[in-house]
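Here the structure comes first, spelled out in structure tokens, and everything after it is commentary.
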Amino acid sequence: MNSLKIENLQASIEDKPILNGLTLEIPKGEVHAIMGPNGSGKSTLAKVLAGHPDYKVTGGTAILDNENLIGMEPDEISRLGLFLAFQYPMEVAGVSIANFIRAARNARLGKDEKVKAVDFYKELYEHMDALGMDRKFTSRSLNDGFSGGEKKRCEILQMSMLNPKYCILDETDSGLDIDALRVVSEGVNRMRNPERGILVITHYQRLLDYIVPDFVHVMSEGKIVRTGGKDLALELEDRGYDWVKQEAVA
Amino acid sequence: MSQETLSIISSMDSYSFKQPETFTHFAESRSWEPGWLADYRKECWDSFASLPERLLKDETWRFSPRARFGLNKINGLADPKESLIIEENSSKDGVSIDLFDRLILDQPHCLSLLPKIAGPDLGANDYSLLTGAFAETGYLLRANRSVHSGQPIIVKHIEPEAGKIAFHHSLIELEANTEVTLVEKFIANETNPGGTISSLLKVRLGDGARLHRIVLQQCSKSATLVQLENFIIGKDGYLSSTNLHLGCGQTRVESKGVLNGPGSHFEYGSAHSGDSNQLFDQRTIQVHEAPNCTSNLLCKNVLRNEAKSIFSGLIKVRKEAQHTDAYQTNRNLLLSSEAKADSLPGLEILANEVKCSHGATTSRIDPQELFYLQSRGMSLKDAEKLIALGFLSGPLNSVSHEPTREWILNSLADSLES
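Protein chains in written order, with this note's numbering: chain H, 12 to 261; chain C, 195 to 612.
So this is what it looks like as structure tokens:
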């Protein structure tokens with residue numbers, strides 16, 4: 012199996028159902044986009060797949076290659092190869108970006124193994140240069156006092172350094188100006204390859220001008236209600252979401 | 195009762211600080227000391243003996259289970275030769291450091307400032323007075339001429355064996371425009387842990403003198419430490435005291451910073467990581483006596499299991515100390531529901547043109563923050579450790595000597611790792 016295969020996924024928070032039988036398969040080598048109105052459950056899907064403890068999965072499966080992620084701890088899911096770029100990355104005071112990513116890399120090694128500092132920094136600097144991040148950033152506290160753009164670049168930096176099999180980008184475009192959007196998108200595009208599946212969650216079509224998806228899905232009331240090619244995004248931009256919802260009901 | 199048991203009891207009794215003979219015998223054994231020192235010891239002993247019984251409601255011990263600092267577990271004095279060590283090559287041109295006991299023999303006049311400076315007087319006066327009366331060791335650090343010593347001078351306080359107490363009475367005197375970095379390590383007794391250290395430090399900085407002092411305490415989890423210090427900072431002087439406390443079953447810290455000359459600065463940082471049922475009881479006072487002085491205090495505690503911390507801090511601004519700029523912050527992070535942190539920040543301001551603020555917070559780790567770290571592959575435990583490390587590194591980052599800063603941050607990381 013070479014895909015992230017979500018089948019009939021149902022999840023709720025505080026007994027309120029959010030995902031109502033969502034089915035979606037993201038094979039390696041493809042970029043899928045999910046669009047949908049506010050409250051349709053897009054971010055919930057991202058958090059449920061990453062193992063957020065606040066959500067209760069009431070049915071369905073999410074198979075990453077051969078393993079069902081449902082019921083796993085967030086760190087296990089991460090180490091299996093799923094990366095979630097957060098819509099609102101948390102600030103972690105006193106922990107530098109470099110030490111944070113190093114700890115994440117060490118978590119993927121055996122008990123007595125550690126990443127080699129020289130190799131690590133070489134790689135880190137290469138990725139930072141590509142993302143147009145000042146090297147001074149390495150010693151700054153993670154996301155502490157960062158602008159929206161800096162936070163999102165930092166998410167993409169982590170994604171590049173952790174080399175995941177599947178990436179989920181949750182509203183990565185929110186809070187970005189055009190320049191930052193371009194840089195962040197280029198960072199994502201560099202990660203496109205036949206060995207990796209990418210899911211982009213967005214509210215606006217704008218991001219998909221930069222990260223061109225293979226498929227676009229529309230989500231409404233916790234389900235995928237329509238799937239199409241990249242042109243579907245343009246159509247949604249023109250016509251809004253209501254017609255999709257109406258067709259879905261009909 | 196066997197003869198042997200009786201003799202043990204009587205030997206214990208002979209070290210009871212409740213009996214006058216304990217001091218008389220000690221004073222006799224030190225009869226070779228100069229008269230002023232004998233007088234000072236006697237004065238301290240008499241003051242100790244006349245201390246009132248411990249009050250049930252004593253504000254200076256509020257929230258503290260004071261019995262854990264009881265003197266009744268003490269059955270003798272530690273060997274002074276084994277309890278304080280100055281690392282070799284510590285003396286440099288213009289800077290001298292020597293042991294209290296060596297100086298009493300060779301240059302007793304060097305210590306004559308000791309009786310003239312009081313202890314911090316923040317509650318543990320019993321320990322302060324007993325240290326004055328019984329200390330047989332300590333260090334004297336002096337800098338004259340305009341030295342700027344880059345490499346730190348290192349002093350080690352060694353935890354005595356269980357039942358024993360080590361009294362360390364030390365003095366730092368920096369003349370005008372000198373600069374010194376001092377590292378004090380409190381080291382565990384590996385073979386028979388559980389002793390007590392009572393360390394009383396008196397510091398006087400001349401005009402424009404700068405002292406960077408770093409304390410790393412890694413005593414055993416059954417040891418007791420009473421760390422008392424009084425810093426007097428002269429005109430345009432600068433004193434930073436950065437403390438990392440990791441060990442000890444119970445620690446009482448009393449730190450007093452006196453901004454005695456205009457334009458002086460006092461920087462105080464403290465980080466403590468507590469586990470099991472460790473108790474960390476910290477009392478501080480920033481006394482602004484002169485105008486145009488600044489002081490900044492940041493004390494942070496991370497507490498696991500049933501660990502407990504108490505912070506009580508006061509900023510006191512005298513009438514003359516106009517244009518004071520003073521801060522005091524205490525932050526606590528609780529990693530279990532049984533851990534407890536009490537905080538008593540305070541201000542007492544008599545001048546009218548000042549900028550003072552204080553703040554105290556106690557919080558738990560935000561579950562969203564934990565999820566973020568876990569989503570990057572770190573286990574829950576590793577995520578907690580990393581957050582604790584980040585939290586405690588704040589007060590330690592002010593160490594300006596870079597190798598020392600790295601060393602102390604690594605010591606913290608290692609301790610969280612184990």
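The C-beta atom is built at its ideal place from N, Cα and C for all residues, glycine as well.
Please read all numbers here as calculations on a predicted model, not as lab measurements.
C-beta contact flag for residue i and residue j at 8 Å
i	j	result
Gly451/C	Ala484/C	no
Leu529/C	Ile559/C	yes
Thr34/H	Asn19/H	yes
Leu173/H	Met139/H	no
Gln522/C	His552/C	yes
Leu187/H	Gly160/H	yes
Leu214/C	Ala243/C	In the sequence as displayed, the identity of residue 214/C is Pro instead of Leu. Taking 8 Å as the Cβ cut-off, Pro214/C and Ala243/C qualify as a contacting pair.
Ser306/C	Leu334/C	no
Asn524/C	Gly507/C	yes
Leu376/C	Pro346/C	yes
Asp536/C	Phe257/C	yes
Ala61/H	Pro85/H	yes
Ser14/H	Glu36/H	yes
Distance between residue j and residue i (C-alpha atoms, nearest Å)
i	j	result
Gly71/H	Lys494/C	45 Å
Arg404/C	Leu395/C	17 Å
Gly344/C	Arg407/C	12 Å
Gln98/H	Ile29/H	18 Å
Thr199/C	Tyr209/C	Residue confidence is low: Thr199/C scores 45 on pLDDT, short of 50, so the model does not pin down where it sits. No coordinate-derived value is stated.
His613/C	Asp287/C	The question about residue 613/C has no answer here: the residues shown for chain C are numbered 195 through 612.
Ala607/C	Gln411/C	14 Å
Ser196/C	Val289/C	Per-residue confidence for Ser196/C stands at a pLDDT of 48, beneath the threshold of 50, marking its modelled position as unreliable; the derived number appears in the next sentence. Rounded to the nearest angstrom, the two C-alpha atoms are 55 Å apart.
Leu473/C	Lys133/H	44 Å
Leu527/C	Ile108/H	21 Å
Phe328/C	Lys358/C	13 Å
Ser204/C	Ser241/C	With a pLDDT of 43 at Ser204/C, under the threshold of 50, the predicted position of this residue should be treated as unreliable, though the coordinate-derived value follows. Rounded to the nearest angstrom, the two C-alpha atoms are 25 Å apart.
Ser231/H	Asp181/H	16 Å
Glu87/H	Ser569/C	8 Å
Cys304/C	Ala318/C	26 Å
His439/C	Leu590/C	11 Å
His228/H	Asp65/H	25 Å
Ile268/C	Gln444/C	15 Å
Asn266/C	Glu353/C	18 Å
Phe157/H	Phe263/C	46 Å
Ser201/C	Asn471/C	Model confidence at Ser201/C stands at a pLDDT of 43, short of 50, so the residue's coordinates are unreliable and nothing is read from them.
Met206/C	Pro228/C	Reliability of the predicted coordinates at Met206/C is poor, the pLDDT of 44 falling under 50, and no value is obtained from them.
DSSP beta-bridge partners of residue i
i	result
Gly208/H	Tyr177/H
Ser467/C	Val496/C
Leu527/C	Val496/C, Ser557/C
Arg151/H	Beta-bridge pairing links Arg151/H to no other residue.
Ala73/H	Ile17/H
Arg599/C	None; Arg599/C has no bridge partner.
Phe8/H	Not covered by the structure: residue 8/H. The range shown for chain H is 12 to 261.
Leu293/C	Tyr333/C
Ser393/C	His362/C, Gln421/C
Asn79/H	Ile74/H
Whole-angstrom C-beta distance between residue j and residue i, which should lie under 8 Å
i	j	result
Ile381/C	His362/C	That belief does not hold up - the Cβ atoms of Ile381/C and His362/C are roughly 13 Å apart, past 8 Å.
Pro314/C	Asn490/C	That belief does not hold up - the Cβ atoms of Pro314/C and Asn490/C are roughly 18 Å apart, past 8 Å.
Ala360/C	Pro387/C	In fact, because the Cβ distance is near 13 Å, the residues do not count as touching under 8 Å.
Leu422/C	Glu448/C	5 Å
His63/H	Phe565/C	6 Å
Thr213/H	Asp184/H	6 Å
Ile179/H	Leu95/H	5 Å
Ala614/C	Arg477/C	Any property of residue 614/C remains undetermined from this structure, which presents chain C solely from 195 to 612.
Lys234/H	Asn31/H	5 Å
Asp475/C	Arg446/C	5 Å
Ala515/C	Ala545/C	5 Å
Ser150/H	Gly105/H	At roughly 11 Å, the Cβ-Cβ gap does not stay under 8 Å, so Ser150/H and Gly105/H are not in contact.
Lys502/C	Glu542/C	Contact flag wrong, Cβ pair sits at about 26 Å.
Contacts of residue i in chain H (Cβ-Cβ under 8 Å)
i	result
Phe505/C	Here the premise fails: no neighbours, minimum Cβ distance about 19 Å.
Glu585/C	According to the sequence as given, residue 585/C is Phe; it is not Glu. The contacting residues are Ala104, Gly105.
Tyr566/C	Phe97, Pro100, Met101, Val103
Ile581/C	Val103, Val106
Where residue i meets chain C, residues with beta-carbon distance less than 8 Å
i	result
Leu173/H	Arg570, Gly571
His138/H	Those do not exist, as His138/H stays about 15 Å from chain C at its closest Cβ, beyond 8 Å.
Arg119/H	Gly571
9 Å Cβ cut-off: residues of chain C touching residue i
i	result
Asp86/H	Leu567, Gln568, Ser569, Arg570, Gly571, Met572, Ser573, Leu574, Asp576, Ala577
Partner residues on chain H for residue i, Cβ-Cβ distance less than 9 Å
i	result
Glu563/C	Met101, Glu102, Val103
7 Å Cβ cut-off: residues of chain H touching residue i
i	result
Gly588/C	Gly105
7 Å Cβ cut-off: residues of chain C touching residue i
i	result
Ala73/H	The contacting residues do not exist; Ala73/H stays about 15 Å from chain C at best.
Contact test: residue i Cβ vs the ligand ZN heavy atom, cutoff 7 Å
i	result
Val397/C	With respect to small molecules bound, the structure shown includes none, and the ligand ZN cannot be examined in it.
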